[in-house]
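Participant: The structure under discussion is supplied below as structure tokens; questions concerning it will follow.
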Amino acid sequence: MTLTILGAQPNAVEMTQATVLFVDLRGYTRLAEQLLPTQVVPLLDEFFTVLANATEMHGGQVFHMAGDGMMAAFGIRGRVQDGACEALASGRAMLAGFAPIAGRWQRELSVDTAIGIGIHLGEVALGLLGPPGRQMPTLIGDTVNVAARLCSRARAGEVLFSSMVAAALVADASGTSAGSLPFLQLPPFELRGRNAPVDVWCVPAPERLSL
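Once you know that position 59 of the sequence shown is 288 in the numbering used here, the rest is easy, because the numbers rise by one and skip nothing.
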């Protein structure tokens with residue numbers, strides 16, 4: 230299979246199974262409004278450092294960082310089975326690593342921030358995208374879109390993941406401590422741009438557990 234880029238030679242595309250994770254920073258628009266751009270840059274650097282470290286710690290690969298969000302993938306080319314447990318462990322590490330930073334920003338800068346995370350598992354196309362000389366590896370496909378949509382629906386401090394990820398967690402005997410977490414099954418989500426609703430689970434934010 231090939232991916233055609235306008236004005237460039239076709240690039241080989243590899244189909245692979247992966248668990249895709251999206252994460253973004255909640256409160257970024259307000260933060261950027263309140264602070265000077267020169268103040269925002271080191272904050273984003275601190276934010277992305279936490280995300281990248283958590284991804285690397287659990288065997289994932291960062292594919293995209295931009296603005297206030299990041300895309301990563303786990304289990305590419307079967308490195309760690311399907312990558313579901315590793316993606317969830319990475320998401321938990323991101324939440325834990327960013328929490329004290331958000332607290333410090335609130336105390337020192339009076340800005341309220343948090344992160345939301347979405348995870349989905351399935352087939353993706355892995356290839357290079359971009360103009361000649363500036364091509365970057367990326368992932369394309371419905372799996373990527375669903376993970377991004379779940380991220381956008383996650384509450385601050387919450388991980389949303391699909392039933393595909395939930396099934397992989399159950400099937401993985403190691404569990405990566407999954408059994409000790411308060412997973413919560415939610416009603417199916419209608420995701421923008423998709424015909425069918427998606428069954429969703431979550432590592433819930435505290436306010437969802439209090440309902």
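Think of the CB as a built atom: it goes at the ideal place given N, C-alpha and C, for glycine as much as any other residue.
Please tell me whether T367 and L379 are closer than 8 Å, where the distance is taken between their beta carbons.
Facilitator: Your numbering for residue 367 matches position 138 in the sequence shown. Your numbering for residue 379 matches position 150 in the sequence shown. The answer is no: Cβ separation not under 8 Å.
Participant: Residues in the same chain with beta-carbon distance under 7 Å from F292, minus the five sequence neighbours each way, listed in chain order, please.
Facilitator: In the sequence shown, the residue the question calls residue 292 occupies position 63. Here the set comprises M300, A301, A302, P366, T367 and L368.
Participant: R259: buried (16+ other C-beta within 10 angstroms of its C-beta) or exposed?
Facilitator: Residue mapping note: residue 259 aligns to position 30 of the sequence shown, counting from 1. Exposed is the call here.
Participant: Can you look up E441 in the DSSP assignment and give me helix, strand or coil?
Facilitator: This structure leaves residue 441 out entirely; the chain is present only between 230 and 440.
Participant: Can you confirm whether the stretch 312–319 touches the stretch 278–290 when touching is taken to mean that 3 or more C-beta pairs between the two stretches lie within less than 8 Å?
Facilitator: The answer is yes - the stretch 312–319 touches the stretch 278–290, with three or more Cβ pairs under 8 Å.
Participant: Do L355 and D311 come within 8 Å of each other at the CB atom, strictly closer than that value?
Facilitator: Position 82 of the sequence shown, counted from the start, is the residue given in the question as residue 311. Position 126 of the sequence shown, counted from the start, is the residue given in the question as residue 355. Cβ distance not < 8 Å, so D311 and L355 don't count as in contact.
Participant: Could you spell out the range, first to last residue, of the beta strand (DSSP E) harbouring V388?
Facilitator: As a first step, residue 388 is located in the sequence shown; it is residue number 159 there, counting from the start. Start and end: E387 to S391.
Participant: Along the alpha helix (DSSP H) that carries I330, what are the first and last residues, could you check?
Facilitator: The count along the sequence shown starts at 1 and reaches residue 330 at position 101. Taken as a continuous stretch (DSSP letters only), the alpha helix (DSSP H) holding I330 covers A313 to L338.
Participant: Determine the direct distance from the alpha carbon of A425 to that of Q268, and round the result to whole angstroms.
Facilitator: Looking up residue 268 in the sequence shown gives position 39. Looking up residue 425 in the sequence shown gives position 196. C-alpha separation (whole angstroms): 43 Å.
Participant: I'd like the span of the beta strand (DSSP E) that includes A301, first residue to last.
Facilitator: Locating residue 301 in the sequence shown gives position 72, where the first residue counts as 1. Per DSSP, A301 belongs to the beta strand (DSSP E) from G298 to F303.
Participant: Tell me the rounded alpha-carbon separation between P360 and V373.
Facilitator: Locating residue 360 in the sequence shown gives position 131, counting from the first residue. Locating residue 373 in the sequence shown gives position 144, counting from the first residue. Rounded to the nearest angstrom, the two C-alpha atoms are 21 Å apart.
Participant: Alpha helix (DSSP H) containing E352: first to last residue?
Facilitator: Translated into the one-based positions of the sequence shown, residue 352 becomes position 123. First-last for E352: A343 to L358, but that is the beta strand (DSSP E), not the alpha helix (DSSP H).
Participant: If you draw a straight line from the C-alpha of M294 to the C-alpha of T248, how long is it?
Facilitator: As a first step, residue 294 is located in the sequence shown; it is residue number 65 there, counting from the start. As a first step, residue 248 is located in the sequence shown; it is residue number 19 there, counting from the start. Computed Cα separation, rounded: 17 Å.
Participant: Helix, strand or coil for P416 per DSSP?
Facilitator: Along the sequence shown, one-based indexing puts residue 416 at 187. Strand.
Participant: Tell me the DSSP secondary structure of L368 in three-state form.
Facilitator: Reading the sequence shown from its first residue, position 139 is the one you call residue 368. Note: L368 maps to strand in three-state DSSP.
Participant: Taking the alpha-carbon of L420 as reference, which of A385, A241, R321 and A376 has the nearest alpha-carbon?
Facilitator: Counting from 1 along the sequence shown, the entry for residue 420 is found at position 191. Nearest option by C-alpha distance: A376.
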